[in-house]
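Participant: Please find one structure pasted underneath; my questions will follow.
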Amino acid sequence: MPRILITHDVQDVERWLQGKAERIATFPGGSNVTDLVAAAGSNQAAVVADVDDLDAFNAFMASPPPEMAAQAESHGVVMPTATLYVEA
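Residue numbers (our numbering): 202 to 289.
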């Protein structure tokens with residue numbers, strides 16, 4: 202099962218962290234979902250997770266459903282959403 206890291210900027214870290222349970226519940230094909238914030242106090246954040254199907258996850262990232270885009274916006278994610286890394 203591939204492990205991925207998604208990084209992105211957020212408007213407000215505390216606001217973003219409040220959406221953690223919602224992110225975990227709707228993370229497509231993911232398990233062991235963990236939120237990370239920059240130690241330097243910037244508005245950079247990341248999500249680490251194991252994904253069942255990397256191809257399906259890449260397709261999701263390329264064209265997220267409107268409800269997921271709305272969720273990201275409500276959590277204060279600055280678009281474009283993210284940079285995706287895959288464990289080598």
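Glycine included, each C-beta is placed from N, C-alpha and C at the ideal position.
As the structure is a prediction and not an experimental result, all values here were calculated from the model.
1) Please look up how many angstroms separate the CB atoms of residue 270 and residue 207, rounded, as I've assumed it's under 8 Å.
2) Does the separation of the CB atoms of residue 277 and residue 219 fall below 7 Å?
3) Check residue 212 in the structure and name its three-state DSSP category.
4) Quick one: is residue 224 buried, meaning 16 or more other Cβ sit within 10 Å of its Cβ, or exposed?
5) Can you check which of these residues, 243, 252, 274 and 242, is closest to residue 235 by C-alpha distance?
Facilitator: According to the structure data:
1) Walking along the sequence shown from the start, residue 270 turns up at place 69. Walking along the sequence shown from the start, residue 207 turns up at place 6. About 14 Å; that fails the 8 Å criterion.
2) For the purposes of this step, residue 277 is identified with residue 76 of the sequence shown, where counting begins at 1. For the purposes of this step, residue 219 is identified with residue 18 of the sequence shown, where counting begins at 1. No; because the gap between Cβ atoms is not below 7 Å, this pair is not in contact.
3) Along the sequence shown, read from residue 1 onward, the residue named residue 212 stands at position 11. If DSSP states are grouped into helix, strand and coil, residue 212 belongs with coil.
4) Taking the sequence shown and counting its residues from 1, the one referred to as residue 224 is at position 23. It counts as buried.
5) Along the sequence shown, one-based indexing puts residue 235 at 34. Minimum Cα distance to residue 235 is reached at 252.
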